[in-house]
Amino acid sequence: MLTIFERLKDIALEIDKAIKNEDLGYSDQQNATGDEQLKLDVASDSLIEHTLKKVSLVHSIISEEKEEIMPVNPDGKYTICYDPLDGSSIVDVNLSVGTIFGIYDRGNLSGSGLRAAAYIVYGPRLELVVAVRGKAPRHYRSGARGLFSSRAPVRLNEKGKINAPGGTQKYWSPTHKAFIDSLFQEGYRLRYSGGMVPDLHQILLKGGGLFSYPGAQDRPKGKLRMLFEALPFAMVFESAGGEAIDDRGRRLLDLTPEHPHATTPCFFGSKYEIGKLREAYGV
Ligand code: AHG
Ligand code: MN
Ligand code: MN
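Letter by letter, the sequence shown follows residues 2 to 284 in the working numbering.
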């Protein structure tokens, strides 16, 4: 696993360079979900593919930008699912974006098969957070020579102050709207950039809060994909002492996607906010 984490550092430095220096425009392709792909989505995807293909532990890879699972090494132990560039719609306005990885036991693409998770934040500084089951996530930040230095592990408080509500408000259910309003009434402050990586990273480093991406009228199953987005962050939140559930109150890490690109309504937070959500939704 450590070999894989080392390669993620290389990937972080390379994609960071590409974001800073390369063309931010659209390619002429769409991905498996029908999203228009940026040239950067495609470039980041192939960079990750080429790096991970050289790691013998990797059995196969699946990317948000690829239709199918891609075999790598028949003797490898893990399938790595990744979102090469999260926040494609905000990269042109120079907000922070990220890359997300879920490292699954081969043949078990589900919450229970997830062995480790990691994400990279391309912000004013380059950062990497890695989580394995049962240990507080490790946090790395770029230093003067472009290397990473280890910082304190990531731990959430019981309760936070941030509310990051995703989706289109017009399509929220009355239950969800009432719940989000109740948090603001309690004094929570709005922090939402439209990139799940920086939005969740902020909650993790500021000690707590809630990020939600509910099922709503326009998207009954939410927007965020289980294998590449929701499950990896579920592992990071649980390892940091928080919780991650769906709109039926089930742990995201107990779920299995019906297909590699399946989405789920999802909520990530510290214990207090997730408790409030359960009360409001009655789950
Ligand atoms: P991607 O760029 O990989 O398609 O994912 C973007 C995701 C996520 O980062 C964010 O939380 C969500 O889309 C934002 O959606 P809205 O624009 O609906 O808020
Ligand atoms: Mn994404
Ligand atoms: Mn993406």
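Using N, Cα and C, we set each Cβ at its ideal position, and we do this for glycine too.
Where residue i falls: helix, strand or coil (DSSP)
i: M197; result: helix
i: Q31; result: strand
i: V284; result: coil
i: S113; result: helix
i: T265; result: coil
i: E244; result: strand
i: G161; result: coil
i: G276; result: helix
i: R8; result: helix
i: P233; result: helix
i: E259; result: coil
i: E15; result: helix
i: E239; result: helix
Heavy atom of ligand 1 within 7 Å of residue i beta-carbon
i: K171; result: no
i: Y214; result: yes
i: E37; result: no
i: S90; result: yes
i: M197; result: yes
i: D46; result: no
i: K178; result: no
i: K359; result: Because residue 359 is not part of the residues shown, which for the chain are 2 to 284, the question remains open.
i: G103; result: no
i: K224; result: yes
i: D200; result: yes
i: G168; result: yes
Any non-hydrogen atom of ligand 2 within 7 Å of residue i CB
i: D87; result: yes
i: E65; result: yes
i: E187; result: no
i: E15; result: no
i: E230; result: yes
Closer than 7 Å: residue i CB and nearest ligand 5 heavy atom
i: E69; result: By its list of ligands, the structure shown excludes ligand 5, since it contains just ligand 1, ligand 2 and ligand 3.
Residue i - partner residues in DSSP beta bridges
i: P166; result: S213
i: Y120; result: I101 and V130
i: R252; result: I246
i: G270; result: L211 and E244
Near ligand 3: residue i beta-carbon under 7 Å from a heavy atom
i: D24; result: no
i: D84; result: yes
i: D42; result: yes
* So, do the stretch 239–256 and the stretch 179–193 have three or more beta carbon pairs nearer to each other than 8 Å? -> No contact exists between the stretch 239–256 and the stretch 179–193.
* **Whole runs of the alpha helix (DSSP H) within the stretch 168–227, excluding any shorter than 4 residues** => 175–186 and 197–206
* Ordered list of beta strand (DSSP E) runs contained in the stretch 26–106, each at least 3 residues -> 27–31, 37–39, 59–64, 79–87 and 98–106
* Touching by the beta-carbon criterion (3+ pairs, under 8 Å), the stretch 10–19 and the stretch 118–131 -> For the pair of segments examined, the stretch 10–19 was found to touch the stretch 118–131: the number of CB pairs separated by less than 8 Å reaches three.
* Run through the stretch 123–159 for me and flag every whole beta strand (DSSP E) of 3 or more residues, listed as ranges in chain order. => For the beta strand (DSSP E) assignment, the uninterrupted runs of no fewer than 3 residues enclosed by the stretch 123–159 are, from N- to C-terminal side, 127–133, 139–143 and 149–152.
* Inter-stretch contact at 8 Å, needing at least 3 Cβ pairs: the stretch 130–139 / the stretch 165–185 -> no
* Three or more beta-carbon pairs under 8 Å between the stretch 228–240 and the stretch 29–46, yes or no? -> They do not touch, by the three-pair rule.
* For the 8 Å Cβ check, are there 3 or more pairs between the stretch 47–62 and the stretch 25–32? -> no
* Inspect the CB distances between the stretch 160–176 and the stretch 200–219 and report whether three or more fall short of 8 Å. => yes
* To do: Indicate whether the contact test is met: 3 or more Cβ pairs, each with one atom in the stretch 83–103 and one in the stretch 219–233, closer than 8 Å.
  => yes
* Asked: Should the stretch 138–153 be called in touch with the stretch 251–259, which here means at least 3 C-beta pairs below 8 Å?
  -> no
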